[in-house]
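Residue 233 in my numbering sits at position 183 of the sequence shown; the count goes up by one each step and never skips.
Yeah, the Cβ is synthetic: ideal placement off N, Cα and C, and Gly gets one too.
The structure appears below as structure tokens.
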Amino acid sequence: MSKNTIFGAILGTIMCLVVTCTLVLLGFTKPAYAAAEAAATLTLGDNTSAVISDSSGYQAHITITNTGKSTLDPGQLRVLTNPQFIFDSSTVMQEWAQGQQTVRGLQRLDTMLGSADVPTLEPGAHTTVDITTPAQDSALQLFNSWGAKPILIQYVGTNAGTVSLHTFVTRTTDGLAVAHTPAMNIVPVLPITAQTWSINKQTAQELSSADSMQPLTQSSNNTNTKDTAANTKGNANTSNSSNTSAQKTDEPLENSQTEQHSSQIDTTAKRAAAQVLAVSKQENTNHAKLVAVAKRHAGLQNIIDPDSAYQFTQPMQYHAITQPANADIALYAQSTAQTTAPEEAIPTAQWQAAGITATTLSASAAQQTLQYATDSKTSASIPAIAWQRQTPWSQDALAFAKTAGYQAVIATSGYEDETTTAVANTKTTVHTDAGDITLLTPQRELSLLAHNQQTDSQAVAESTDAGKINRFIAQSALYQMQQPYVSRTLLITFDSNTPSTLVDKLMTTIEQSSWLHISSINDLLQAPDGMDSKEATAISKNTQALWQYSHVSAQELTKQRTEQLTQLAQSFGDIGRFSNDILDPDANVESTKAGQQSNSTQSGDTASDTDQSNTDQSSTDQSSTASDDASEQSSSDSEGAQGSQQHKLKSSTSAADTWTSTLLAAQHMIALRALGVEATNATPLIQGAQTIGNSLFDGVSIAKPEALNIVSQSGKMPITLANNHPFPVSVHLVAQADSNRISIHADTTHSNADASSSATNQYSTEATQSAVTDTITIPAHGEEQITINISILQSGRSTVKLSLQDRSGQAFGATTQTTVTSFFQISDWSGYAILGFAVLLGLLGLWRQFHRIKDPDE
Numbered sequence: 051m052s053k054n055t056i057f058g059a060i061l062g063t064i065m066c067l068v069v070t071c072t073l074v075l076l077g078f079t080k081p082a083y084a085a086a087e088a089a090a091t092l093t094l095g096d097n098t099s100a101v102i103s104d105s106s107g108y109q110a111h112i113t114i115t116n117t118g119k120s121t122l123d124p125g126q127l128r129v130l131t132n133p134q135f136i137f138d139s140s141t142v143m144q145e146w147a148q149g150q151q152t153v154r155g156l157q158r159l160d161t162m163l164g165s166a167d168v169p170t171l172e173p174g175a176h177t178t179v180d181i182t183t184p185a186q187d188s189a190l191q192l193f194n195s196w197g198a199k200p201i202l203i204q205y206v207g208t209n210a211g212t213v214s215l216h217t218f219v220t221r222t223t224d225g226l227a228v229a230h231t232p233a234m235n236i237v238p239v240l241p242i243t244a245q246t247w248s249i250n251k252q253t254a255q256e257l258s259s260a261d262s263m264q265p266l267t268q269s270s271n272n273t274n275t276k277d278t279a280a281n282t283k284g285n286a287n288t289s290n291s292s293n294t295s296a297q298k299t300d301e302p303l304e305n306s307q308t309e310q311h312s313s314q315i316d317t318t319a320k321r322a323a324a325q326v327l328a329v330s331k332q333e334n335t336n337h338a339k340l341v342a343v344a345k346r347h348a349g350l351q352n353i354i355d356p357d358s359a360y361q362f363t364q365p366m367q368y369h370a371i372t373q374p375a376n377a378d379i380a381l382y383a384q385s386t387a388q389t390t391a392p393e394e395a396i397p398t399a400q401w402q403a404a405g406i407t408a409t410t411l412s413a414s415a416a417q418q419t420l421q422y423a424t425d426s427k428t429s430a431s432i433p434a435i436a437w438q439r440q441t442p443w444s445q446d447a448l449a450f451a452k453t454a455g456y457q458a459v460i461a462t463s464g465y466e467d468e469t470t471t472a473v474a475n476t477k478t479t480v481h482t483d484a485g486d487i488t489l490l491t492p493q494r495e496l497s498l499l500a501h502n503q504q505t506d507s508q509a510v511a512e513s514t515d516a517g518k519i520n521r522f523i524a525q526s527a528l529y530q531m532q533q534p535y536v537s538r539t540l541l542i543t544f545d546s547n548t549p550s551t552l553v554d555k556l557m558t559t560i561e562q563s564s565w566l567h568i569s570s571i572n573d574l575l576q577a578p579d580g581m582d583s584k585e586a587t588a589i590s591k592n593t594q595a596l597w598q599y600s601h602v603s604a605q606e607l608t609k610q611r612t613e614q615l616t617q618l619a620q621s622f623g624d625i626g627r628f629s630n631d632i633l634d635p636d637a638n639v640e641s642t643k644a645g646q647q648s649n650s651t652q653s654g655d656t657a658s659d660t661d662q663s664n665t666d667q668s669s670t671d672q673s674s675t676a677s678d679d680a681s682e683q684s685s686s687d688s689e690g691a692q693g694s695q696q697h698k699l700k701s702s703t704s705a706a707d708t709w710t711s712t713l714l715a716a717q718h719m720i721a722l723r724a725l726g727v728e729a730t731n732a733t734p735l736i737q738g739a740q741t742i743g744n745s746l747f748d749g750v751s752i753a754k755p756e757a758l759n760i761v762s763q764s765g766k767m768p769i770t771l772a773n774n775h776p777f778p779v780s781v782h783l784v785a786q787a788d789s790n791r792i793s794i795h796a797d798t799t800h801s802n803a804d805a806s807s808s809a810t811n812q813y814s815t816e817a818t819q820s821a822v823t824d825t826i827t828i829p830a831h832g833e834e835q836i837t838i839n840i841s842i843l844q845s846g847r848s849t850v851k852l853s854l855q856d857r858s859g860q861a862f863g864a865t866t867q868t869t870v871t872s873f874f875q876i877s878d879w880s881g882y883a884i885l886g887f888a889v890l891l892g893l894l895g896l897w898r899q900f901h902r903i904k905d906p907d908e
């Protein structure tokens, strides 16, 4: 290539750049980046019409926002439609919502419902435009067929191009010469459950103090007094309860009155334990709003999480009940499933160690929990429906749900009808080894919108409530038009996080839609199957395919839950260990006697306030119960620890048992709730569970002794042990020296020493570097002082470490230490002989020094 050619190419390039820059400066063109900086977004406002009739007219409420970096020049907003277009499939409707105009009738919308000018907008600014079309407008007269119609909202700006928003409006049958077909049934279900849970640390700590024990003891002692004509808050309604999460007696009780008394304690324990869990103020505020919405819309079907009922103070009507704490019972079912891979199953023993059993997850347990929380027996008359959590409803999970007493399950994934044909009843029957069970599947598109979600990220108009409602109504009209004479019942589920405002708006619009009829959950349960039972059963057996719909893998979820169950089991075991090995075994006897005395006193107080007949009956009941309490000595497993024989609790009705039952109930509720939230959100609850166990151990402590100086052969070290619990505890003290300068042995002569066990004490009391005392009983909310004997072997400084052991020899609680400074002393005649000989040698040396003959050279 010649030099002239190269020079010409360079000169041509320079000239092109000069011309381009000149055109830009003169305003004939703009660089590409300038156009990109001008951008606008459109959002649909609440006043936008979702339906139109012959008399309603149309209204659009649009907000235009400048999301770019440069000023938006004035533009125009237009609302376009095609009144004659009829959506014939969900696919076409979804494509339109996503801005895809693949159908000929949607490619050109010529009918304008209105337009408005948009002023100049600075970056970040926005403006709202209202477009109103009266019912008499010629454009609206073109809507001569009922059903969903496309709406195209366009903003045309000078420097922002064209921005479009695709939504819908539905023409009702009002004023049209069309046949009135039967309305399609829909069942709107609202789950009532709290999502944001935490541990009330103050309440958890008070549970092991007198502040929390006072109401528990009073409730235990006053049970039979309350069970008179003045029966308060329906407590006697729980007399037939047998399965509880706090304490369960497998053996029959001696008589009905003892059974009633035990039931009362269960109720008290559950209610007190429920206070350990807390929901945020925002949760309670949201619930109050939902209660108001439910009162305005009687057709809304409320399905309650029974454990959440403890936290929500405002009552509301419930139409169904879910599993306790919304726990993942399908995951539990895998522990006993024969077809589940080992890496996807958590052993049953591990669930039981954390207090979770098949009984605690059953429908009867859910009904009892709701009964305790609401003082009502209505829970027995409403259906129990298990809601899917993170684990899908496999064949084994469905069989477990059937065995656990659930009438139906709600499957949120895996069983949707993927065909493009008309929708059918969202209910089917699945065959399992345990029997047939009803499976309910929420209609996908309608439930997504009710969950406050977009059907697709590209469905931009659905980002607001108005856009979701427009799509919901249009989609429901399409479903009704597909098979207008076929009776169908669709399940629509809201999400627990759906804002109350959206629930209210959506229910209002549904109630005003003549082609929709709101049905009950019971109607859906009685409806014919929409999916062939054999097909549904086949789906349930393909577990791997079901897991594809989950956002977490089976192995990952199993790993997360296994780690959490291990931590929960430790916390649950701490309570059993404290009850069995630290709480004084005579505490139940003493508290029972105190309870009898308190009952007698309070019965006299009650007699002065009630008529004589009630007084006589109350006294008889109290005397009978006191006798039963004194004779009741049988033991049973706590329900939360079935299968774990090491944590058995007494079934007596003493205040001490009420306390331990409350502690177990609190742990059990925390464990269930931790397994009811997403696995990644369970950490705060698990940490809270550890707080209870730690507070029990920390409630028994050693006061740090002062440093000890010993100038004799031996000495005594006084040690004070404190008990912050409302009942006596019995423990061992361990003292250990860090050197061989001293030896330690325990002194068993303190006032509360277990003298009867000293002869057979398993711990050595010989002089060694460490020693363990006999059993020391520390009174409730009191202190006990003991002493340990220290013998001096060598002079010097030593450290003595002090710790506590339970009655089985396991260490617990915090340790403390102190120092011992010793000075060696003469202990016998041999020492004096050595000292005398040394003195004699010294004197002899002095005598020799003064009497020897010196050398002349010295």
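- So the alpha helix (DSSP H) residue 623 belongs to, where does it begin and stop? 604-631
- Message: Suppose you measure from the CA of residue 434 to the CA of residue 168; what does that come to, to the nearest Å?
- Response: 55 Å
- Residue from 436, 431, 900 whose Cα sits closest to the Cα of residue 489: 436
- Where do the ends of the beta strand (DSSP E) carrying residue 910 lie? Nothing about residue 910 can be reported from this structure: the residues present for the chain run from 51 to 908 only.
- Report back the beta-carbon spacing between residue 445 and residue 461 to the nearest angstrom; my notes put them in contact at under 8 Å. Wrong, their Cβ atoms sit about 12 Å apart, outside the cutoff.
- Message: To the nearest angstrom, how far is the alpha carbon of residue 401 from that of residue 346?
- Response: 42 Å
- Query: To which residues of the same chain is residue 166 closer than 6 Å at the C-beta, ignoring the five residues directly before and after it?
  - Reply: 127, 179, 181
- Query: Which term fits residue 903, buried or exposed, when burial requires 16 or more other beta carbons within 10 angstroms of its beta carbon?
  - Reply: exposed
- Determine the extent of the alpha helix (DSSP H) in which residue 597 is found, giving its start and end residues. 593-597
- residue 333 vs residue 417 beta-carbon contact at 9 Å: no
- Helix, strand or coil at residue 584 [DSSP, three-state]: helix
- Message: Suppose you measure from the CA of residue 896 to the CA of residue 885; what does that come to, to the nearest Å?
- Response: 17 Å
- Any idea which residues DSSP pairs residue 205 with across the strands? 127, 213
- Assign residue 372 to one of three DSSP states: helix, strand, or coil. coil
- Query: For residue 486, is the classification buried or exposed, using 16 other Cβ atoms within 10 angstroms of its Cβ as the cut-off for buried?
  - Reply: exposed
- Task: Can you grab the Cα-Cα spacing for the pair residue 822 / residue 857, in whole Å?
- Result: 11 Å
- Message: Quick check on the burial criterion: 16 or more other C-beta atoms within 10 angstroms. Buried or exposed for residue 892?
- Response: exposed
- Give the single residue among 867, 789, 779, 786 whose Cα lies nearest to the Cα of residue 825. 779
- For residue 19, count neighbouring Cβ atoms within 10 angstroms of its own Cβ and tell me buried if that reaches 16, exposed if not. Lying before the first or after the last residue shown, residue 19 is absent from the chain, which here runs from 51 to 908.
- Rounded to whole angstroms, how far is the Cβ of residue 380 from the Cβ of residue 338, which I believe are closer than 8 Å? With 8 Å as the limit, residue 380 and residue 338 do not qualify as a contact, their Cβ atoms being about 32 Å apart.
- Query: Looking at the structure shown, is residue 346 part of a helix, part of a strand, or coil, going by DSSP?
  - Reply: helix
- Coarse secondary structure for residue 804, derived from DSSP in three states: Low confidence applies to residue 804: its pLDDT is 43, below 50, so where it sits in the model is not reliable, and the reading given next is rough at best. The answer is coil: DSSP assigns residue 804 none of H, G, I, E or B.
- Nearest-angstrom Cβ-Cβ length linking residue 233 and residue 567, presumed shorter than 8 Å: 4 Å
- Message: Output needed for residue 237: all residues of its chain with C-beta closer than 8 Å, excluding positions within five of it in sequence on either side, in chain order.
- Response: 351, 539, 540, 541, 542, 568, 569, 570, 571, 573, 574
- In angstroms with no decimal places, state the Cα-to-Cα distance between residue 104 and residue 228. 13 Å
- Query: Would DSSP call residue 634 helix, strand or coil?
  - Reply: coil
- Limits of the unbroken alpha helix (DSSP H) element including residue 225: No alpha helix (DSSP H) holds residue 225; DSSP gives it neither H nor E.
- Message: Is the separation between the beta-carbon of residue 440 and that of residue 355 shorter than 9 Å?
- Response: no
- Item | Pairwise C-alpha distance: residue 734 and residue 744 | 15 Å
- Query: For residue 493, which residues of its own chain have a beta-carbon under 7 Å away from its beta-carbon, when the five flanking residues on both sides are left out?
  - Reply: 473, 476, 540, 541, 542
- Query: Could you give the residue range of the beta strand (DSSP E) that holds residue 108?
  - Reply: 108-116
- Run the CB neighbour count on residue 222, radius 10 Å, all protein chains shown included, and call it buried at 16 or more, exposed below. buried
- Task: For the beta strand (DSSP E) containing residue 718, list its first residue and its last residue.
- Result: Not the beta strand (DSSP E): residue 718 falls in the alpha helix (DSSP H), residues 705-724.
- Residue(s) in a DSSP beta bridge with residue 366: Note: residue 366 sits in no beta bridge, so no partner.
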